[in-house]
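A.B. asks: FYI, the working numbering numbers position 140 of the sequence shown as 143, with every residue one higher than the one before it.
Glycine residues also receive a C-beta, built at the ideal position from the N, C-alpha and C atoms.
Since the model is a prediction, treat every value here as computed from it, not as a measurement.
Sharing a structure here in structure tokens format.
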Amino acid sequence: VIRTISSSPNRSLNPKPQKLSEARHLWNKAAKLLIAERAWLPTYRVFSVYCSDKVLSNVWWPIDIEEESAKILSLWLNSTYGLLLFFTAAEVTRGPWIKFKKAALEDLLVLDVRKLNENQKGFLLNAFKQFCGKELKPLPEEFKHPSTRLQIDETFNQALGISADLEYLYKLLSVVCASNSKV
């Protein structure tokens with residue numbers, strides 16, 4: 004169970020000698036930034052994770068980008084702003100059970116890290132260090148009693164000059180994420 008936005012590899016595989024070329028081809032797709040492939044909203048906590056090493060997964064999509072951008076985007080995709088955009092790419096399969104196909108994620112709107120100035124990047128990278136090990140609660144609980152995600156949202160408000168009160172949105176999302184209704 005992934006509970007923080009930063010992690011390290013938890014398994015390793017050794018390919019069979021006759022499958023080395025296939026393994027190398029697959030390993031070329033490894034990355035440090037991972038995005039959830041599917042999620043059960045009542046229990047999920049983290050939708051993007053930054054790994055200390057390049058990894059592959061059968062339940063996360065790897066996104067190979069430069070390290071600073073990967074850290075900032077992992078923080079962004081776990082903010083309420085990022086989640087709302089992330090949900091636009093979701094395919095509802097059964098109530099709050101959703102999945103994310105690669106094609107939809109390729110068109111996902113995200114924070115353009117290239118347009119951030121050096122102060123904003125530094126501020127967000129420091130925030131990543133602050134939040135990377137903090138445990139997030141399951142979505143319904145996190146939105147009902149905001150804590151870490153609220154702090155992440157306030158970080159983006161400060162970094163991007165956003166003036167927003169998300170209290171009503173948190174209440175709505177806590178209900179939607181906890182119920183068996185469609186997103």
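Taking the straight line between their C-alpha atoms, what separation do you get for R97 and T91?
C.D. replies: Against the sequence shown, residue 97 aligns to sequence position 94. Against the sequence shown, residue 91 aligns to sequence position 88. Those two C-alpha atoms are separated by around 16 Å.
A.B. asks: Rank Q161, Y47, P65 by C-alpha distance to the C-alpha of A33 and give the top, closest one.
C.D. replies: Here residue 33 refers to the residue found at position 30 when the sequence shown is read from its first residue. Distance check between A33 and each of Q161, Y47, P65 places P65 closest, using alpha-carbon atoms only.
A.B. asks: Under three-state DSSP, which class holds K191?
C.D. replies: Not covered by the structure: residue 191. The range shown for the chain is 4 to 186.
A.B. asks: Span of the beta strand (DSSP E) holding F103?
C.D. replies: What you label residue 103 is simply residue 100 of the sequence shown in a count that begins at 1. Looking at the DSSP string, the run of the beta strand (DSSP E) that includes F103 is 100–103.
A.B. asks: Would L127 and F159 qualify as a contact pair, given that the criterion is a beta-carbon distance under 9 Å?
C.D. replies: Counted from its first residue, the sequence shown places residue 127 at position 124. Counted from its first residue, the sequence shown places residue 159 at position 156. Against a cut-off of 9 Å, the Cβ pair of F159 and L127 comes out as a contact.
A.B. asks: Does the count of Cβ pairs from the region 77–85 and the region 140–156 closer than 8 Å reach three?
C.D. replies: yes
A.B. asks: Rounded C-beta distance between L86 and F50? I'm assuming under 8 Å.
C.D. replies: Counting from 1 along the sequence shown, the entry for residue 86 is found at position 83. Counting from 1 along the sequence shown, the entry for residue 50 is found at position 47. Right, the Cβ-Cβ distance comes to about 6 Å (below 8 Å), so this counts as a contact.
A.B. asks: Within 8 Å, do at least three Cβ pairs link the region 108–121 to the region 165–177?
C.D. replies: In short, these stretches do not touch, since the Cβ pair count stays below three.
A.B. asks: Give every residue of the same chain whose Cβ lies closer than 7 Å to the Cβ of K137, excluding the five residues on either side of it in the sequence, and list them in chain order.
C.D. replies: Counted from its first residue, the sequence shown places residue 137 at position 134. For K137, where only same-chain residues beyond five positions count, the Cβ hits under 7 Å are T7, T151.
A.B. asks: If we count the other Cβ atoms within 10 Å of its Cβ and call it buried at 16 or more, is K35 buried or exposed?
C.D. replies: In the sequence shown, counting from the first residue as 1, residue 35 sits at position 32. K35 comes out buried.
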